[in-house]
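> Below: one structure in structure tokens.
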Amino acid sequence: MTKAIIIDDEPLARSLVREYLQEYPFLEIAAECGDGFEGLKAIQEHRPDLVFLDIQMPKINGFEMLELLDPAPAVIFTTAFDEYAIRAFDRHAVDYLLKPFSKERFHKAIERWRERSKQKTDPVPVSSLLENASESPHQKERIVVKSGSSIIVIPVDEIMYLEAADDFVKIHTRKGHWLKNRTMAHFEKVLDGSKFIRVHRSYIVNISEATRLDPYEKDSHVLLLKSGEKIPVSKQGMGRIREVLG
Amino acid sequence: MASRIPGFLRQASRFQGIIALWIGWTALYAWASHSLGFPIRLAITDSILANLHLAGACLLMLTILRYYMPGRSQYINLLALVSGLTLIWYVAFRLSWLALVPHPEPVTFWEEIFPLRMAIALLVIFCFTLYSVLNHIQEEKEIQVKRKSDAEKLARDAELYRLQQQLQPHFLFNSLNSISALAGRQPEQARLMIQQLSEFLRGTLRRKEEEMVPLAEELHQLDLYLSIEKIRFGHRLLADIHTDPACAGTLLPPLILQPLVENAIKFGLYDTTGEVSIRLEARCADNQLTITVSNPFDPETSPNTRGAGFGLASVQRRLFLIFGRNDLLETGTQNSRFITTLHIPQS
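Listed below in structure tokens is the structure:
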């Protein structure tokens with residue numbers, strides 16, 4: 000039996016997908032979820048073959064939920080987002096249905112999914128897939144990470160600094176630090192450049208957390224944070240600090 | 000082209016003023032040459048002749064300036080123009096003088112005061128030119144200022160329109176999707192929602208941004224909005240609206256409440272998973288309408304207690320564009336509720 004999960008915060012929107020799915024008896028609806036947390040739990044529990052996913056949802060949005068899953072399930076986005084905003088995901092999602100969508104359009108999406116699953120391609124790793132998404136809502140405001148079985152939403156203002164750690168980025172806040180499977184370049188691009196400065200190849204610092212800048216050896220400096228931690232600053236990093244602070 | 004004619008020639012009263020000035024000047028000129036030794040009749044004839052030509056030279060200068068207004072770096076050309084016109088004035092005046100005034104006359108005396116006459120003519124033409132050019136610059140500046148303020152007003156209107164429209168598409172498409180879902184099994188509900196949505200949209204289309212609307216009308220619009228949202232979100236959404244009777248007759252910008260309530264709904268619904276009650280209260284005091292909108296939130300998990308979503312930023316911007324103030328929208332938290340406070344000054 001093939002399993003599908005519907006994740007949407009509006010009950011009527013879920014019922015529409017359910018209704019359309021009645022014509023595909025080989026697809027069993029394993030779960031229906033009203034927010035990203037529930038959705039994440041359900042996906043981990045049921046390992047569905049197909050997920051219908053809304054983007055704007057309570058707690059964490061659809062993109063943020065996907066970020067926490069690796070490998071990603073096959074996803075058909077169902078959203079009122081405009082085409083332009085969702086185009087970044089076009090390559091990676093099976094399909095996206097713009098609300099309100101017709102039965103015919105829904106059928107096309109299902110066909111597309113069947114084609115894809117027949118090809119038996121390896122699932123696309125989510126980390127690389129979402130890296131390109133510059134349009135994800137909220138990504139300038141918060142970062143969602145997973146710690147054991149719980150999900151943590153970190154407002155960017157609470158970040159002290161980011162540190163490169165192999166294939167991950169370590170996010171340091173006053174409450175502790177978390178790993179996120181993204182690159183430094185991603186955060187450099189996404190975070191507000193007037194607040195977060197790439198002071199070193201391996202460090203991005205929230206400049207409001209800095210208290211003092213001291214020279215250190217030849218051509219380099221060290222940045223003292225309010226928390227007492229010391230962050231190395233490269234020559235280029237120094238240039239960027241000067242640029243931002245004027 | 001009309002804008003290139005100096006303003007002082009545009010109005011009849013000013014034109015009369017110029018004539019009077021010319022007559023006064025001519026009389027003074029005649030009196031001056033009489034006191035220098037010309038017989039009175041000759042002095043008058045001479046003055047009229049000289050100043051008619053001078054007026055002609057000034058008009059010629061005006062005509063030239065209509066087609067050639069020198070730029071900032073070309074003022075030297077103006078000096079050449081003034082000198083040239085003075086010379087022309089002299090030749091024309093001399094010729095007509097010789098033709099009209101019968102001999103024998105004290106031509107030698109005329110010759111004696113020639114440099115003085117030249118200097119005076121030069122000065123008059125120069126002053127006239129200077130006045131015209133300054134006038135022209137002033138007018139250009141005024142036109143520019145007007146054009147700029149027109150452009151600013153257009154941009155402001157466009158921005159207001161955009162801000163007002165921005166929040167609609169999501170709401171619209173999600174509502175249409177709900178209707179689509181209802182159409183299959185609950186056609187009566189679908190029909191009801193279509194009616195509510197239509198009435199809501201009609202309300203938004205009718206509004207002109209710059210016109211303030213009565214509170215009752217705005218609240219009716221909000222009611223429509225809430226009834227649609229209630230269908231979309233089912234039993235999770237509860238709305239509670241209280242209006243102080245003193246607020247009857249107060250005015251506010253159209254559709255300003257909807258983004259606040261939309262924000263509260265999103266914040267409330269998206270942040271908590273249970274039932275959500277949105278509370279709206281309108282109070283009036285000191286010639287000011289104060290509206291508070293509140294929603295529950297979970298202080299433990301909510302990362303964004305500022306709640307400053309796009310909706311609030313756009314309301315802030317609208318209030319600034321309408322009232323020129325940045326202190327009319329406040330947000331805060333109290334007892335696990337997020338509170339947005341809106342102040343609308345009543346004139």
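As you go down the protein sequences, you meet chains S and E in turn. Each residue of the first sequence is one higher than the one before, counting from 0 in numbering that gives the first Met the number 0. Each residue of the second sequence is one higher than the one before, counting from 0 in numbering that gives the first Met the number 0. All C-beta atoms, glycine included, are put in the ideal place defined by N, C-alpha and C. Given the structure is predicted, the values throughout are model-derived calculations rather than measurements.
1) Hey, quick one: how far does the beta strand (DSSP E) through A163(S) stretch, first residue to last?
2) For E329(E), report the span of its beta strand (DSSP E) as first-last.
3) Going along chain S in order, which residues have a C-beta closer than 7 angstroms to the C-beta of R231(E)?
4) Using only alpha-carbon positions, find the residue among I240(S), A3(S), I42(S), K40(S) that is nearest to P24(S).
5) For L268(E), would you say it is in contact with chain S, using Cβ-to-Cβ distances shorter than 9 angstroms as the test?
6) For the segment 176-200 of chain E, which residues have a CB atom closer than 7 angstroms to at least one CB atom of chain S, in sequence order?
7) Taking DSSP as the reference, what is the three-state secondary structure of T77(S)?
8) Classify S201(S) as helix, strand or coil using the three-state DSSP reduction.
9) In angstroms with no decimal places, state the Cα-to-Cα distance between T304(E) and R235(E).
10) If you measure beta-carbon to beta-carbon, which residues of the segment 21-42 of chain S are closer than 9 angstroms to chain E?
11) With DSSP collapsed to three states, give me the class of G295(E).
12) Is DSSP giving V93(S) helix, strand or coil here?
13) Output the distance between the C-alpha atoms of M68(E) and K140(E), rounded to the nearest integer angstrom.
14) Assuming S419(E) contacts A19(E) (C-beta within less than 8 angstroms), just tell me the rounded distance between them.
15) To the nearest angstrom, how far is the alpha carbon of Q195(E) from that of D285(E)?
16) Ordered along the chain, which non-local residues of its own chain (more than five positions away) have a Cβ less than 6 angstroms from that of A307(E)?
17) What would DSSP say about I343(E), mapped onto helix, strand or coil?
18) Against chain S, with Cβ distances strictly below 9 angstroms, would K265(E) count as a contact?
19) Short check: CB of D239(E) to CB of L279(E), under 9 angstroms?
20) Could you check whether V204(S) and M237(S) sit closer than 9 angstroms to each other, using their CB atoms as the reference points?
21) Could you check the C-alpha separation between H110(S) and A281(E) for me, to the nearest Å?
22) Looking at G267(E) and I277(E), is the spacing between their C-beta atoms short of 9 angstroms?
23) Would S219(S) pass as an interface residue toward chain E - the criterion being a Cβ-Cβ separation below 9 angstroms?
24) State the CB to CB distance for the pair P99(S) and N176(E), rounded to an integer number of angstroms; the pair is presumed to be in contact (CB under 8 angstroms).
25) Where does T62(E) fall in DSSP's three states?
26) Can you grab the Cα-Cα spacing for the pair G61(S) / D53(S), in whole Å?
27) On the three-state DSSP scale, how would you describe Y23(S)?
Taking the structure as given:
1) 158-164
2) For E329(E), the uninterrupted beta strand (DSSP E) run begins and ends at 328-333, by DSSP.
3) E9, L11
4) A3(S)
5) With 9 angstroms as the cut-off, L268(E) counts as an interface residue toward chain S.
6) Under the 7 angstroms Cβ criterion, the segment 176-200 of chain E contributes N176, S177, S179, A180, L181, G183.
7) Three-state result, T77(S): strand.
8) Note: S201(S) maps to coil in three-state DSSP.
9) With a pLDDT of only 46 at T304(E), under the threshold of 50, the placement of this residue in the model should not be trusted, and no figure is reported.
10) G33, D34, F36, E37
11) A small fix is needed here, since residue 295(E) is Pro in this sequence, not Gly. P295(E) falls in the strand class under three-state DSSP.
12) coil
13) Those two C-alpha atoms are separated by around 14 angstroms.
14) The requested residue 419(E) does not occur in the structure, where chain E is confined to residues 0 to 346.
15) 36 angstroms
16) Confidence at A307(E) is low in this model, with a pLDDT of 49, below 50, so the placement of that residue is unreliable and no value is reported for it.
17) strand
18) yes
19) Closer than 9 angstroms, so yes.
20) In terms of Cβ geometry, M237(S) and V204(S) do not form a close pair [threshold 9 angstroms].
21) The identity of residue 110(S) in the sequence shown is Glu, whereas the question assumes His. Taking the straight line joining both Cα atoms gives about 53 angstroms.
22) yes
23) no
24) 4 angstroms
25) helix
26) 6 angstroms
27) DSSP places Y23(S) in coil when its eight states are reduced to three.
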